[in-house]
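Position 158 of the sequence shown, counting from 1, maps to 158 under the UniProt record's numbering, and the rest follow consecutively.
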Amino acid sequence: MTSKGACEASEGATYDSEISLGDQDADIHQIPNATPKPTFSKVEGLINTTTSFIIMDLETTDLIRQNVIPHITQIAAVEHDTGSQFSCYVVPKAPMSSGAEDITGIMWDGTNLRLNGKVVAALPIFEALSNFFLWLQKFNNAILIAHNGKKFDFRILSNAADKCKLFNLYLKQRNVSNLMS
């Protein structure tokens with residue numbers, strides 16, 4: 001339970017007799033008009049440029065815990081305008097946490113990768129990343145977008161690319177212009 005003093009310290013007085021915003025009576029007789037929607041116009045420098053928005057997601061063996069980076073079990077991406085898709089299951093080199101198995105339905109038994117109990121084709125991480133980077137080359141001025149990407153997906157993707165000695169290829173993707181979380 002929060003004390004009145006703590007609330008008032010962060011919000012100001014919340015209830016007192018004769019409390020108001022000023023000495024004058026407030027005008028409560030009319031609801032103000034809605035704020036009009038802003039108008040947008042093209043930025044001249046971008047008219048002849050195409051931007052590809054790539055929404056991506058990684059599935060992994062676990063969360064990032066105590067700076068231990070989990071292994072990738074799936075790379076999935078879709079280009080927003082064309083609907084072009086990339087999906088690849090990845091053979092992990094670390095065991096799956098039970099939480100990751102429950103959330104993703106992906107299970108690694110040391111020999112086979114399974115999705116909801118069915119064996120799926122999976123590639124070694126080097127091959128999976130190489131294929132993903134080749135797929136990205138199809139797009140001009142690509143912006144990679146991932147929910148929680150800054151704290152999770154992009155860290156894991158960068159770490160895997162570095163360990164596979166593909167980090168320079170990842171960074172030199174001239175067509176990838178930005179990462180958005």
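Don't be surprised by glycine CBs; every beta carbon is placed ideally from N, CA and C.
Keep in mind it's a predicted model, so treat the numbers as computed, not measured.
**OP:** Taking all protein chains shown into account, decide if L46 is buried (16 or more other Cβ within 10 angstroms of its Cβ) or exposed.
**Re:** Model confidence at L46 stands at a pLDDT of 49, short of 50, so the residue's coordinates are unreliable and nothing is read from them.
Original post:
Is I64 helix, strand or coil when you go by DSSP?
Top reply: If DSSP states are grouped into helix, strand and coil, I64 belongs with coil.
**OP:** On a CA-only basis, which of H147, Q85, V91 and Y89 is nearest F139? Give me that one, please.
**Re:** If we check each option's Cα against that of F139, Q85 comes out closest.
Subject >> Short Cβ contact (9 Å threshold) for M96 with T61 >> reply: If you check the CB distance, M96 and T61 come in under 9 Å.
Original post:
Going by beta carbon distance, what residues of the same chain come within less than 8 Å of F167, once the five residues before and after it are set aside?
Top reply: Here F167 has S158 and A161 as same chain residues with Cβ atoms under 8 Å from its own Cβ, once five neighbours each way along the sequence are excluded.
Original post:
With distances taken from CA atoms, which of R65, G83, P124 and N116 is nearest I103?
Top reply: Looking at R65, G83, P124 and N116, the one whose alpha-carbon comes closest to that of I103 is N116.
Original post:
Which partner residues does L115 have in the DSSP bridge list?
Top reply: In the DSSP output, where bridge partners are listed per residue, L115 has I106 and K118.
Subject >> Candidates L136, F154 and A122: closest to F53 by CA position >> reply: Here the closest residue by C-alpha is L136.
Subject >> CA-to-CA distance, V91 to G83, given in whole angstroms >> reply: Distance between the alpha carbons of G83 and V91 is about 26 Å.
**OP:** Please state whether DSSP places L58 in a helix, a strand or coil.
**Re:** Three-state DSSP puts L58 in a strand.
Original post:
In three-state DSSP terms, what is L134?
Top reply: In the displayed model, L134 falls within a helix according to three-state DSSP.
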